[in-house]
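Chains as they are written, first to last, in the working numbering: chain U, 24 to 202; chain H, -16 to 952.
From the three backbone atoms N, C-alpha and C, an ideal C-beta is built for every residue, glycine too.
Data first, discussion second: the structure below is written as structure tokens.
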């Protein structure tokens, strides 16, 4: 009888564990935290933004005026690499593509769902650091999505006024982002 | 235990045991859990190789250009996002056209992405290259210099293109340019030439006219230049509030948009246009003491209607206007005579700077067919015309074309005429091309490409240049033309580059050269015209008889002469008056419908001479009992996937006799077929049942009666906490004409899907804004009223209280928000909305072959606004007050460090409105225009008694009572 009870208890525990696992996985559907795909050119943010102190907005200049921060046109890479002597396999690849007039098909790391509107320039205007959402990209050799980019995560920051209690209240209206 | 085991293995022989079921369930659950852990598809981000300076992904660029949706040539601003034109707006720089557009103009951007456009040139129906085409055409053109080359085009408003055509005339002595308008204004041009020696259509100034009399001219909907006229008309109605009222009498057979806006509308038989004009001339001539006798005709309408119109005209002489849409030159001569006797020439009828919008010459087209049949035409080029569809005797034209050695069509698709041509040289869409326009003499605008050509097309002008042996570069040609012709006539810019850049930036340029005011004396001969009308009238009367009707053919606001037939937005745009989508019908007066026993939707055969067609009947209150009306532009078979086979072609009914085309037939018989076809109507109940949904006020009441504003009703709801803004809207019913430009503008801005005729029949159209049209009074002479209806953004919104998932909630700035990703589609909100403005996505309309209209083909989807979500199946949607525009303007104010001024945010409907009837703004700001209008005595809320406290309000229509007699209550 005891064995029978132990079996039931073990079964129940297993069920609870499986259910818990399933629920946890379901809650993470569409959340790609930790996503770090290999890129066609092994561009290192650590080398550029970290060691060489290239400002984020030098390349991602779209963030100043547009909803998209944008990926820099190859011509921006060539601003420096057209002059720099240092060579590597990937720099060769870049120069080849530029010579062939082919753009680079990067793999998008940070994807927001289609039903939400997000504007980079608006957050820049509110003096939100790039790192608040993207993590310390300047320390990443390969870019990884650090934040969950879920609505709860957005709202948390909006409630905290971006961490600055003196900042003007960030809007919590649904229609601020969903239209 | 054993029992239990037995239970588990109850039926070992069956293979779908409970255990198997559980095993499968477990597997499915595990599989779906594993599947859901997998990554979403990899998305690529491909940047520019070298970014053009003026393009930033995600930021819109605007280009000034000129609309080619019809010959009115309204100046436009085109919004492009990431290289794609996505929205048309009117160019507010233009003094004459203002910032408004019409529904068709709004929809032209969708035609750019029409999948039925040709991908490249065709030679005998087979794809060819441009060099092949040129190699074949050039020798023919050279050889034809002896036998004759004809360019058959629609009205060409581009002065540079006219100059280019003049070069062809100079080069080839046998070259002829024939202008053909499917809906011809030939009679008016002819009459203006006969009366004043000016072979043009006058430019009318409705804004200067206190009294307007229209005879079968739908000048607010389709006639000549509707956007400009609507703007003028609205201005004069606004001014009328302070200048003692304005009057508009309309005499017409069917119910047009213009007639339904008139202060007094009189139904006449279609053949009585001349008789009405003559009767008016009688009264005016008597007032003006013209001694000579004029022939008299009997008109089958109330004399008092003519008297009232004549009295108003005479009282406002010099500030009045008579316009007539007749295709009979004698009638137009008589109308000119009336305007001359009233002293309107030079004031409301401008002949010094005439309209160049319609230049078709019916006689020349007839002559062309004859010379084609004689074999005198070696090369025929058709540009912007489709005679094999819209010429009344298309077969005769087709026979003529057969004897042409080389026929070339510049059509953008394999339409009826292109299919019968040897070569098709597809022209650019106007959003891909350079050009210019001079719709009214001295009033210029430029057209520039907003996108690189999508396909291997070539501007028709480039083809003409190439075959003339000149470099095919119409851009340089236009520039050269402006340098040569326009630059020397101004003194504002010192260099040509400065002049050109300014003109290109502004989009419009008005000739500043001082106008030479000429005196126009009416040529003799108008008395003869009066005699001709009397004789014609006798003939029309004798053609009448029991069961014999007259047939009047008219254009619709959306499809016009059929050129927009493949545009799904326009096919689904409800006609302002009938509210019919996806097809045409026969409008029949209620009394006639009763007597012949047909109801709306019953299919009727119309027989006129040797022509007949079958169409569903539409019982139209206010329709003349002696006349039935059919809309032109339907029944295409060369339009494309959307327009083919929709409705029936009424062009064969146009009578083409004695070198002029007439859009009316007498002696028409109606036969019942016994069949019934459900019409795709968006409104089937036509009365407001005496409720005060649409309110009006007389000018006298408005000016003289003082009344306290009604106290706000008590409410059980707690007051809403106010935010920084409270967005609101005021719609002026006094100036709204019901033209429906706002409906299409909203559709373009907000990615509103097209659902097709079947779904419209089930009342599932998705328009966020609709124009309600109601009739009141007797059904032979009803009053017509229009009311744009969209989400009222109630402060106490009934929809919000019933949503179980809070998918519709109020924002801090007064907007009733709809959150698509929260919505689970209970449709409680739709049921609880008293205004019936919520729309449910019954299907997945995007990327669905069943709804192959605007969101299926990847090419069509290029028109979508990336700032607005495409909604999926099962969610509710509705007007958002263009929240994306509010957010964008708020952000740009913040970025530029300025306060958000009133009037900066314009909703799509407001921007498109040619009458400026819609005002949007912040109700919290007491100085805003919308707050000022809200304090007006004319302001009210629809269904105020429900206590919904909407943020959208309406301004009552002001009734212009007949002068000299009190308005009956």
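Under the three-state reduction of DSSP, residue 85 of chain H is assigned to coil, being neither helix nor strand. H:321 is the residue among H:321, H:310, H:281 and H:314 whose C-alpha sits nearest the C-alpha of residue 295 of chain H.
Relative to residue 147 of chain H, the option among H:700, H:463 and H:845 whose CA is nearest is H:463.
Identification of chain U residues near residue 44 of chain H by a Cβ-Cβ cut-off of 7 Å yields none; the smallest Cβ-Cβ distance measures about 12 Å. Look at residue 850 of chain H: its C-beta is under 8 Å from a C-beta on chain U. Among the residues of chain U, none has a CB under 9 Å from the CB of residue 193 of chain H; the nearest is roughly 45 Å distant. Given a length threshold of 4 residues, each whole run of the alpha helix (DSSP H) inside the stretch 126 to 178 of chain H is given here in chain order: 142 to 154.
Secondary structure at residue 223 of chain H: helix, using DSSP grouped into helix, strand and coil. Pairwise C-beta distances place the stretch 263 to 281 of chain H out of contact with the stretch 800 to 811 of chain H, as fewer than three of them are shorter than 8 Å. Listed in chain order, the positions of the stretch 73 to 91 of chain U with a beta carbon within less than 7 Å of a beta carbon of chain H are 85, 88, 89, 90 and 91. Within the stretch 29 to 40 of chain H, contact with chain U at the beta-carbon level (separation under 7 Å) is assigned to 29, 30, 31, 32, 33, 34, 39 and 40. Contact between the stretch 600 to 618 of chain H and the stretch 529 to 544 of chain H is present: three or more C-beta pairs spanning the two stretches fall below 8 Å.
As DSSP reads the structure, residue 418 of chain H sits in a beta bridge with H:430.
Residue 614 of chain H is bridged by DSSP to H:537. Along the stretch 451 to 468 of chain H, there is no position whose C-beta sits under 7 Å from a C-beta of chain U. Counting along the chain, the unbroken beta strand (DSSP E) around residue 390 of chain H starts and ends at 389 to 392. The beta carbon of residue 191 of chain H lies closer than 7 Å to those of 302, 330 and 331 in the same chain, with the five residues before and after it left out.
As the crow flies, the alpha-carbon of residue 77 of chain H is around 6 Å from that of residue 491 of chain H. The Cβ atoms of residue 289 of chain H and residue 263 of chain H lie closer than 8 Å to each other. With its beta carbon less than 8 Å from one in chain H, residue 144 of chain U belongs to the interface. Straight-line spacing of the CA atoms in residue 306 of chain H and residue 260 of chain H works out to 10 Å. By DSSP's assignment, residue 877 of chain H forms no beta bridge with any residue. The stretch 907 to 923 of chain H makes contact with the stretch 699 to 712 of chain H; the number of CB pairs closer than 8 Å reaches 3 or more.
Annotation for residue 88 of chain U: the continuous alpha helix (DSSP H) segment containing it runs 85 to 88.
The stretch 76 to 96 of chain U makes no contact with the stretch 174 to 184 of chain U; the number of CB pairs closer than 8 Å stays below 3. Here residue 266 of chain H has 289, 290 and 293 as same chain residues with Cβ atoms under 7 Å from its own Cβ, once five neighbours each way along the sequence are excluded.
Note on geometry: alpha-carbon atoms of residue 468 of chain H and residue 72 of chain H lie some 29 Å from one another.
Here residue 167 of chain H is near residue 345 of chain H, since their CB atoms are less than 8 Å apart. With its beta carbon at least 8 Å from every one in chain U, residue 824 of chain H lies outside the interface.
With a threshold of 8 Å between beta carbons, residue 866 of chain H makes contact with chain U. Among the residues of chain H, none has a CB under 7 Å from the CB of residue 103 of chain U; the nearest is roughly 15 Å distant. In terms of Cβ geometry, residue 897 of chain H and residue 84 of chain H form a close pair [threshold 8 Å].
Cβ-Cβ distances below 8 Å link residue 193 of chain U to 149, 180, 181, 182, 184 and 185 in the same chain, with the five nearest sequence neighbours on each side left out; the list follows chain order. In this structure residue 725 of chain H is buried. Its beta-carbon is surrounded by 16 or more other beta-carbon atoms within 10 angstroms. Close partners of residue 94 of chain U in chain H (Cβ separation under 7 Å): 28 and 30. Pairing residue 57 of chain U with residue 135 of chain U, the inter-Cα distance amounts to about 15 Å.
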